[in-house]
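Structure first, commentary second.
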Amino acid sequence: MNPNPNKKQLFWTSVALVSFFCYLLALAYFPHKSTTACISTWSGSIKDSIRWARGSNATHDATSNCKNTLPNFKFDLEKSSAGWSGPGGHAKEHTIDTFPVSQSIAAVSMHLEVGGLRELHWHAIAAEWGYVISGNCRTTVIGPNSESEIADFGPGDVWYFPRGHAHSIQGLPPTECHFLLIFDNGHFSEFGTSSITDWVAHTSTSILAQNLGPAAFAIKEQVKGEAYIVQGPTPPEIPIPHNPDVEPSQLSHKYRLGASAASIFEGGSQQKVTEKEFPISTTLTGVLMKLKPGALRELHWHPNADEWQYYLSGQAEVGIFANHGRSRVEHFSPGQVAFINQGYGHYIKQIGDEETVILIVLTSGAYEEISITGWLASNPDQLLATNFGIYEEIAKELPPGRRFIVPGNATLCT
Ligand code: MN
Ligand code: MN
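In terms of this note's numbering, the sequence shown opens at residue 77 and continues consecutively.
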């Protein structure tokens, strides 16, 4: 046997192994090197810069290569297979089981007939934020210190029931009421709440009679399990509580988001309800955003909250960006939901001739956002020029401050 070939073989095998190990190390330390195809690099000449500024669609092309590098963030709520239907109303929902990316929000789209009653219940692990899309409804609610409230809601109105507070919702004339329920916990299921009929059905008649008096016998006779939604007569115009002397709550559960003052931008508007305007809403902020045709809710992110969007009317393209070149673009139509993780960069580009209206819920009572134009404007032009590899003269042409919603006909050359 000649030992030399074996030595040579051993040497080259070692070289190959070491090289492969180094390659793995490099991938671990410089993962962006492996995803350069997904990053839109832009460090060309002034000519290139001007071409880009006049509106080439390079950004879109750059992201299309990485369409699937982030998990799905789109859900068709109105076409959800998870739902409930019966006399008095019907509902659809998403939870982490059907929409895994939405860890911090579960949502329900519910319709109640006039007199249809979403029965007395509470939620053990989530607060409930409601938004009326159409029709009218009435809620009853009680908190742990016996603060109670009965209030009527119409389109654009919002309610907030803190976790564990007991409530009901009932459809009012003249037509069915359609509303959205947003829960601040993705693990929560509206179809698994603590309902009064479920509790009564699973409590002995003797305990119930001692607790509620003779009416307990009639209740036990009627209630065999959870009702969820029941159909009743048209509710009276002025509701009177069972005990008319009950103390009303000083902390209202109702806020008229649709009727609140809007921040107006050239490309659209925004109405916002945070804990500041609506003190009981400590865990969620609501936004009603309207985008005119072609408008862009500019590149931004929220340092303190996940974002949930429901498309009320019109269409939009939403692009999200995480890091290491991971991005994803989706299109949205009425009834569809987007979920964007806290800290992920994103934009909303209006599509089509019809104004796009979006209900947005953020998972914090405080509203925080950072927009790209405000960010860039807070830096020296020389730094921006260095960062992008452009001439300082070009950097000076960047917008002078936050644009928030940019109109459809805007260009960076103006
Ligand atoms: Mn509820
Ligand atoms: Mn946002």
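The beta-carbon is built from N, C-alpha and C at its ideal position, and this holds for glycine as well.
Quick caveat, the model's predicted, so the values are computed rather than measured.
Opposing strand residues paired with His-407 [DSSP bridges]: Along the sequence shown, read from residue 1 onward, the residue named residue 407 stands at position 331. For His-407, which the question treats as bridged, DSSP gives the partners Glu-393.
Out of Pro-483, Thr-251, Ser-210, Leu-193, which one is the CA nearest neighbour of Phe-164? Numbered from its first residue, the sequence shown carries residue 164 at position 88. In the sequence under discussion, the amino acid at residue 164 is Gly, which differs from the Phe named in the question. Relative to the Cα of Gly-164, the nearest Cα in the group Pro-483, Thr-251, Ser-210, Leu-193 belongs to Leu-193.
Distance cut 6 Å, beta-carbon to ligand 2 heavy atom: residue list by chain order: For ligand 2, the residues with a Cβ under 6 Å from any of its heavy atoms are, in chain order, His-376, His-378, Glu-383, His-422.
Looking at His-243 and Thr-216, is the spacing between their C-beta atoms short of 8 Å? Position 140 of the sequence shown, counting from 1, holds the residue named residue 216. Position 167 of the sequence shown, counting from 1, holds the residue named residue 243. Yes, the pair counts as a contact, with Cβ atoms nearer than the cut-off.
Taking Asn-224 as part of the beta strand (DSSP E), name the residues at either end of that continuous run. Walking along the sequence shown from the start, residue 224 turns up at place 148. The sequence shown places Ser at residue 224, not Asn. Element bounds for Ser-224: 224-229.
Beta-carbon proximity check, Gly-343 vs Pro-483, cutoff 8 Å: The residue given as residue 343 occupies position 267 in the sequence shown. The residue given as residue 483 occupies position 407 in the sequence shown. Their beta carbons are under 8 Å apart, which means Gly-343 touches Pro-483 by this criterion.
Since Gln-426 contacts Ala-371 with CB under 8 Å, what's their CB separation in whole angstroms? On the sequence shown, residue 426 is found 350 positions in, with the first residue counted as 1. On the sequence shown, residue 371 is found 295 positions in, with the first residue counted as 1. Between Gln-426 and Ala-371, the beta carbon gap of about 5 Å places them in contact (Cβ cut-off 8 Å).
Could you give the residue range of the beta strand (DSSP E) that holds Ile-436? Counted from its first residue, the sequence shown places residue 436 at position 360. Ile-436 -> beta strand (DSSP E) spans 432-438.
Is the beta carbon of Trp-377 closer than 8 Å to that of Gly-419? The count along the sequence shown starts at 1 and reaches residue 419 at position 343. The count along the sequence shown starts at 1 and reaches residue 377 at position 301. The answer is yes: Cβ separation under 8 Å.
Short of 6 Å in beta carbon distance, which residues of its chain neighbour Glu-473, apart from the five on each side in sequence? Order them along the chain. Translated into positions along the sequence shown, residue 473 becomes position 397. For Glu-473, where only same-chain residues beyond five positions count, there are no Cβ hits under 6 Å.
Scan the segment 159-221 and note each continuous beta strand (DSSP E) run of 3 residues or more that stays entirely inside, going in chain order. Secondary structure within the segment 159-221: the beta strand (DSSP E) runs of 3 or more consecutive residues, fully enclosed, are 159-162, 165-170, 182-188, 192-198, 204-210, 212-218 (chain order).
Using 8 Å as the Cβ pair cut-off and three pairs as the minimum, do the segment 232-240 and the segment 181-197 touch? With the cut-off at 8 Å, the segment 232-240 and the segment 181-197 do not touch.
When you compare only the Cα positions, how much space is there between Trp-118 and Ser-440? Your numbering for residue 118 matches position 42 in the sequence shown. Your numbering for residue 440 matches position 364 in the sequence shown. Note on Trp-118: pLDDT 31, under 50, position unreliable in the model; no value is reported.
With 16 other Cβ atoms within 10 Å as the buried cut-off, status of Thr-281: The residue you call residue 281 lines up with position 205 of the sequence shown. By the 16-neighbour rule on beta-carbons within 10 angstroms, Thr-281 is exposed.
If we count Cβ pairs, one from each stretch, closer than 8 Å, do we get three or more for the segment 383-391 versus the segment 343-356? No, the segment 383-391 is not in contact with the segment 343-356.
Length of the line joining the Cα atoms of Lys-143 and Arg-373: Counting from one through the sequence shown, the residue named residue 143 turns up at place 67. Counting from one through the sequence shown, the residue named residue 373 turns up at place 297. The pLDDT assigned to Lys-143 is 49, lower than 50, so where the model puts this residue is not dependable; a value taken from the coordinates is nonetheless given after this. Rounded to the nearest angstrom, the two C-alpha atoms are 21 Å apart.
Just reading off the beta strand (DSSP E) that Leu-375 is part of, what are its end residues? Looking up residue 375 in the sequence shown gives position 299. Per DSSP, the continuous beta strand (DSSP E) segment holding Leu-375 begins and ends at 372-377.
Distance between beta carbons of Leu-257 and Gly-206, contact taken as under 8 Å: Taking the sequence shown and counting its residues from 1, one reaches residue 206 at position 130. Taking the sequence shown and counting its residues from 1, one reaches residue 257 at position 181. Rounded, the Cβ-Cβ distance is 5 Å, consistent with contact.
Unbroken alpha helix (DSSP H) run spanning Val-276, endpoints: Taking the sequence shown and counting its residues from 1, the one referred to as residue 276 is at position 200. First-last of the alpha helix (DSSP H) with Val-276: 272-277.
What residues are listed by DSSP as bridge partners for Leu-257? Sequence index remark: in the sequence shown, residue 257 carries index 181 (1-based). Partner(s): Val-184, Gly-206.
Taking only heavy atoms of ligand 1 into account, decide whether any of them is closer than 7 Å to the Cβ of His-199. As a first step, residue 199 must be located in the sequence shown, where it is residue number 123. Flag set: Cβ of His-199 near ligand 1.
Spatial distance of Glu-252 from Asp-457 (CA atoms): Stepping through the sequence shown from its first residue, residue 252 is reached at position 176. Stepping through the sequence shown from its first residue, residue 457 is reached at position 381. Answer to the nearest angstrom: the Cα atoms are 56 Å apart.
With DSSP run on the structure shown, which of helix, strand or coil describes Gln-246? Counting from 1 along the sequence shown, the entry for residue 246 is found at position 170. Judged by DSSP in its simplified three-state form, Gln-246 adopts strand.
Cβ atoms of Val-234 and Leu-333: under 8 Å apart, would you say? Reading the sequence shown from its first residue, position 257 is the one you call residue 333. Reading the sequence shown from its first residue, position 158 is the one you call residue 234. Contact: yes.
Cβ-based neighbour list, Ile-446, same chain, cut-off 7 Å, excluding 5 preceding and 5 following: Mapped onto the sequence shown, residue 446 falls at position 370. Once the five neighbours on either side are set aside, the close Cβ partners of Ile-446 are His-376, Trp-377, Pro-379.
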